[in-house]
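Worksheet: one structure, shown below.
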Amino acid sequence: MTPAAGGAGTVAPSYYSIARWTFEDSAGRYDIDLGNSYVPSHPLSDLTVPAALTLDYGTDRGTAALRRLIAGLYGGGGPESVTVTHGAQEALFLLFDVLVRPGDQVIAFAPGWQPLLDLPSRLGARTTVLPYGPDLSVDAAAVAAAAGDDLRLIALNSPCNPTGRRIGKRALRDLAALAAERDAFLLVDEEYAIDLSRSAAVGRDRVVSVSGLSKTYGLPGLRIGWMYGAPGLVRACAERKFLTSIANSVLCEALACSVLERHEEFTREYHRLCAPGLRLVQEWAARNGDAVRLVPPQDTPFAWVRLRTGEPSLALCRRALAAGVLLTPGETMGCDEGFRLGFARDPATVTEGLARLDTVLRPDGPPAAP
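Going by the working numbering, the letters in the sequence shown line up with residues 1 to 370, in that order.
Written as structure tokens, this is what we have:
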């Protein structure tokens, strides 16, 4: 697996923008979506709209009711450990903006979510990008060896976007200890975590978790995300938030409360959606074993597919787009040897999309979309 930046080292991130791929190059050019990493979006009719809600400004940290529900997901701490944000993306930005200073070192991993690789350099930090191990694991010893005296932040996904793999408990424990020893922080993006009570942020002041309702709940349109961590840190991020979005929509926060009050129901629906699609993808990968290798996902609505053909993933994804199928090329995640394949769809959609990919993987498949 080849990180676009060339492996471990201090880098200026260089990759194909996921925003460009999603909102420009692929927009309106497919009818089968196997590229996005979240479950199908719910209609408003699935939620409870509080008719008597007063549409005021709300608060910079989010309503106390919503923060209590979020803290409850972690099984520890109270609302003072939570700041609600405009999607998980704002949480990431605020944390980087509060924690990272010019000249600091940030350690991140490739392939990975683009903002974790991109944000540090925009804030004047030195980014050290490490590859995952052969089994897509994190080697805490390698992180310690790469850490300089100016280490400020270790940033990672668990489960990882795009590999679908969780970071092991021991590695997270060792990374949290390293951060504490170096007066640094460990940021764990847990947008795809189903059970946040197992988060490394629980009970640790130097670890902060970010998550939200977009991916596993199928509610990206609510733009509800959050951070969970030490009260002083999340309070500082709320103060910085006043310079960006000020506060979330009180309507969206009220709807989010109605969702988290039905957390178990949404979790059951998530598993119901993922199971049949994953079986279809496993069968498809077995049929095409000479061309692809499926990395078994760990409770994610997508899988990482390694290409064995030698073709760059962006070229393959452009040819898939010409066949009307959206995939996410690895180049948007810092790697050119694989693509992200979403399967949390109805079985008929997944079956049709995979049938089209069968033709794309053949040498006489459709030409690449320009």
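The beta-carbon is built from N, C-alpha and C at its ideal position, and this holds for glycine as well.
Since this is a predicted model, take the numbers as computed values, not measurements.
- So is F373 buried or exposed if we call it buried at 16+ other beta carbons inside 10 Å? Residue 373 lies beyond the residue range present for the chain, which begins at 1 and ends at 370; the question has no answer from this structure.
- 8 angstroms contact criterion, which A344 and V39 should meet: CB distance rounded: Here residue 344 refers to the residue found at position 344 when the sequence shown is read from its first residue. Here residue 39 refers to the residue found at position 39 when the sequence shown is read from its first residue. The C-beta separation of A344 from V39 comes to about 4 angstroms, placing the pair in contact by the 8 angstroms criterion.
- Let me know the secondary structure DSSP gives G212 once reduced to three states. Taking the first residue of the sequence shown as 1, we reach residue 212 at position 212. DSSP places G212 within a strand segment (E or B) once states are collapsed to three.
- Task: Starting from D189, trace the beta strand (DSSP E) both ways and give me its first and last residue.
- Result: In the sequence shown, residue 189 corresponds to position 189, counting from 1. Taken as a continuous stretch (DSSP letters only), the beta strand (DSSP E) holding D189 covers F185 to D189.
- Query: Per DSSP, what kind of secondary structure is H271 in: helix, strand or coil?
  - Reply: Start at 1 with the first residue of the sequence shown, and residue 271 comes out as number 271. Of the three classes helix, strand and coil, the one that applies to H271 here is helix, per DSSP.
- Query: Hey, quick one: how far does the beta strand (DSSP E) through A155 stretch, first residue to last?
  - Reply: Translated into the one-based positions of the sequence shown, residue 155 becomes position 155. Looking at the DSSP string, the run of the beta strand (DSSP E) that includes A155 is L151 to N157.
- Item | Euclidean distance between Cα positions of A91 and A303 | In the sequence shown, counting from the first residue as 1, residue 91 sits at position 91. In the sequence shown, counting from the first residue as 1, residue 303 sits at position 303. Counting only the Cα atoms, A303 lies some 25 angstroms from A91.
- beta strand (DSSP E) segment containing G75, residue limits: Position 75 of the sequence shown, counted from the start, is the residue given in the question as residue 75. Following the DSSP letters along the chain, one finds G75 in no beta strand (DSSP E), marked with neither H nor E.
- Query: Can you tell me the Cα-Cα spacing of V250 and L44, whole angstroms?
  - Reply: Locating residue 250 in the sequence shown gives position 250, counting from the first residue. Locating residue 44 in the sequence shown gives position 44, counting from the first residue. Those two C-alpha atoms are separated by around 15 angstroms.
- Item | Where the beta strand (DSSP E) through L307 begins and ends | Taking the first residue of the sequence shown as 1, we reach residue 307 at position 307. Unbroken beta strand (DSSP E) run through L307: F302 to L307.
- Query: Leaving out five residues before and five after Y217 in sequence, what residues of the same chain have Cβ atoms less than 7 angstroms from its Cβ?
  - Reply: Walking along the sequence shown from the start, residue 217 turns up at place 217. Closer than 7 angstroms at the Cβ level, and outside the excluded window around Y217, lie V259 and F266.
- Message: Would Y379 and A71 qualify as a contact pair, given that the criterion is a beta-carbon distance under 9 angstroms?
- Response: As displayed, the chain neither begins before 1 nor continues past 370, which places residue 379 out of reach and without an answer.
- Rounded to the nearest angstrom, how far is the Cβ of A144 from that of L178, given a contact under 8 angstroms? One-based indexing of the sequence shown puts residue 144 at position 144. One-based indexing of the sequence shown puts residue 178 at position 178. Correct: roughly 6 angstroms between the Cβ atoms.
- Item | A320 to Q114 span [Cα, whole Å] | Within the sequence shown, the letter at position 320 stands for residue 320. Within the sequence shown, the letter at position 114 stands for residue 114. Straight through space, the alpha carbons of Q114 and A320 are spaced by roughly 22 angstroms.
- Return the residue from the list T300, L172 and V100 that minimises the CA-CA distance to A236. In the sequence shown, residue 236 corresponds to position 236, counting from 1. Cα-wise, what sits closest to A236 is V100.
- Alpha carbon to alpha carbon, how far is A275 from R122? Taking the sequence shown and counting its residues from 1, the one referred to as residue 275 is at position 275. Taking the sequence shown and counting its residues from 1, the one referred to as residue 122 is at position 122. For A275 and R122, the distance between alpha carbons rounds to 39 angstroms.
- Query: From what residue to what residue does the alpha helix (DSSP H) around P220 run?
  - Reply: Sequence index remark: in the sequence shown, residue 220 carries index 220 (1-based). P220 -> no alpha helix (DSSP H), and no H or E assigned at all.
- Query: Nearest CA to the CA of P162: which residue from N36, I32, E311 and A291?
  - Reply: Residue mapping note: residue 162 aligns to position 162 of the sequence shown, counting from 1. Residue N36 is the option with its Cα nearest to P162.
- Own chain partners of P31 with C-beta closer than 8 angstroms, once the 5 adjacent residues on each side are dropped: Looking up residue 31 in the sequence shown gives position 31. A small fix is needed here, since residue 31 is Asp in this sequence, not Pro. Counting only Cβ-Cβ distances below 8 angstroms, and skipping sequence neighbours, we find G324.
- Whole angstroms is fine: what's the gap from R240's alpha carbon to L94's? As a working mapping, residue 240 is identified with position 240 in the sequence shown. As a working mapping, residue 94 is identified with position 94 in the sequence shown. R240 and L94: Cα-Cα distance of roughly 7 angstroms.
- Identify, in the order they occur along the chain, each residue of the same chain with its Cβ nearer than 7 angstroms to the Cβ of P231, setting aside the five sequence neighbours on each side. As a first step, residue 231 must be located in the sequence shown, where it is residue number 231. Result list for P231: E80 and S81, in chain order.
- Evaluate G225 with the Cβ neighbour count: other Cβ atoms within 10 Å of its Cβ, from every protein chain shown; 16 or more gives buried, anything less gives exposed. Locating residue 225 in the sequence shown gives position 225, counting from the first residue. Counting the other CB atoms within 10 Å of its CB gives G225 a total of 16 or more, which places it among the buried residues.
- Query: With 16 other CB atoms within 10 Å as the buried threshold, where does V129 fall?
  - Reply: Residue 129 sits at position 129 when you count from the first residue of the sequence shown. Label assigned to V129: buried.
- Identify the continuous beta strand (DSSP E) that holds Q105 and give its terminal residues. For the purposes of this step, residue 105 is taken as residue 105 along the sequence shown, with counting starting at 1. Q105 -> beta strand (DSSP E) spans Q105 to A110.
- Chain-order list of residues whose beta-carbon lies under 6 angstroms from that of A201 (same chain, five-residue window excluded): Taking the first residue of the sequence shown as 1, we reach residue 201 at position 201. Non-local beta-carbon contacts of A201 in its own chain, meaning distances under 6 angstroms to residues more than five positions away in sequence, involve V207, V208, S209, Y228 and G229 in chain order.
- For D174, three-class secondary structure by DSSP: Working through the sequence shown from its first residue, we reach residue 174 at position 174. Collapsing the DSSP output to three states places D174 in a helix.
- To which residues of the same chain is R204 closer than 7 angstroms at the C-beta, ignoring the five residues directly before and after it? The sequence position of residue 204 within the sequence shown is 204, counting from 1. Cβ neighbours of R204 within its own chain (closer than 7 angstroms, five residues either side excluded): A176.
- Task: Kindly indicate which residue of R356, G112, Y132 and A64 has the alpha-carbon position closest to the one of S17.
- Result: Start at 1 with the first residue of the sequence shown, and residue 17 comes out as number 17. Looking at the Cα atoms, G112 is the closest of the given residues.
- Message: What does the alpha-carbon distance come out to for the pair A171 and D135?
- Response: By one-based count along the sequence shown, residue 171 stands at place 171. By one-based count along the sequence shown, residue 135 stands at place 135. C-alpha separation (whole angstroms): 14 angstroms.
- C-alpha distance - D60 paired with D189, whole-angstrom precision: As a first step, residue 60 must be located in the sequence shown, where it is residue number 60. As a first step, residue 189 must be located in the sequence shown, where it is residue number 189. Each residue's alpha carbon lies about 21 angstroms from the other.
- Query: What residues match up with V292 in a beta bridge as DSSP calls it?
  - Reply: Walking along the sequence shown from the start, residue 292 turns up at place 292. Checking the DSSP bridge columns, you'll see V292 partnered with L307.
- Query: Exposed or buried, which one is T10 when buried takes at least 16 other CB atoms within 10 Å?
  - Reply: For the purposes of this step, residue 10 is taken as the residue at position 10 of the sequence shown. Caution is warranted here: a pLDDT of 46 is assigned to T10, below 50, making its placement in the model unreliable, and no coordinate value can be reported.
- Query: Could you give the residue range of the alpha helix (DSSP H) that holds L354?
  - Reply: By one-based count along the sequence shown, residue 354 stands at place 354. It spans P347 to L361 - the alpha helix (DSSP H) in which L354 sits, taken as one unbroken run.
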